[in-house]
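Visitor: The following block contains the structure, expressed as structure tokens.
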Amino acid sequence: MTTEDILRLRFRGYSSHEVSEKVGYSQRTVQGRLRDFINEAEDVGDLEGGLLEAASNYEVRDLVYGLLEVSKTI
Numbered sequence: 008m009t010t011e012d013i014l015r016l017r018f019r020g021y022s023s024h025e026v027s028e029k030v031g032y033s034q035r036t037v038q039g040r041l042r043d044f045i046n047e048a049e050d051v052g053d054l055e056g057g058l059l060e061a062a063s064n065y066e067v068r069d070l071v072y073g074l075l076e077v078s079k080t081i
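Heads up: the sequence shown is residues 8 to 81, going by our numbering.
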């Protein structure tokens with residue numbers, strides 16, 4: 008499973024525990040991957056730019072673009 012798979016499950020409302028069961032990783036690994044992704048985004052200082060930059064390092068660019076589009080309508 009990729010970081011994108013983990014992010015998709017979390018954004019669908021699954022808990023870290025449920026995600027860990029689905030992807031076959033420990034809950035600690037799942038939380039670590041999510042934390043790494045968010046830390047990369049925060050390092051940039053601009054949330055949208057940071058998310059896109061972090062996405063370039065993972066397989067989540069399409070997911071991030073989708074989330075940004077949805078967030079603009081909220």
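Think of the CB as a built atom: it goes at the ideal place given N, C-alpha and C, for glycine as much as any other residue.
Keep in mind it's a predicted model, so treat the numbers as computed, not measured.
In whole angstroms, what separates the C-alpha of residue 37 from that of residue 48?
Guide: For the purposes of this step, residue 37 is taken as residue 30 along the sequence shown, with counting starting at 1. For the purposes of this step, residue 48 is taken as residue 41 along the sequence shown, with counting starting at 1. If I take the Cα positions, the gap works out to 17 angstroms.
Visitor: Using a Cβ-Cβ cutoff of less than 7 angstroms, which residues in the same chain neighbour residue 34 once the five nearest sequence positions on both sides are dropped?
Guide: As a position in the sequence shown, residue 34 is number 27, starting the count at 1. Cβ neighbours of residue 34 beyond the five flanking positions: 23, 24 and 27.
Visitor: Among 71, 42 and 32, which one has its Cα closest to the Cα of residue 56?
Guide: Translated into the one-based positions of the sequence shown, residue 56 becomes position 49. Cα-wise, what sits closest to residue 56 is 71.
Visitor: So, helix, strand or coil for residue 9, using DSSP?
Guide: Counting from 1 along the sequence shown, the entry for residue 9 is found at position 2. Looking at residue 9 - three-state DSSP - the assignment turns out to be coil, as it is neither helix nor strand.
Visitor: Taking all protein chains shown into account, do 16 or more other C-beta atoms lie within 10 angstroms of the C-beta of residue 18, making it buried, or fewer, making it exposed?
Guide: For the purposes of this step, residue 18 is taken as residue 11 along the sequence shown, with counting starting at 1. That one is exposed.
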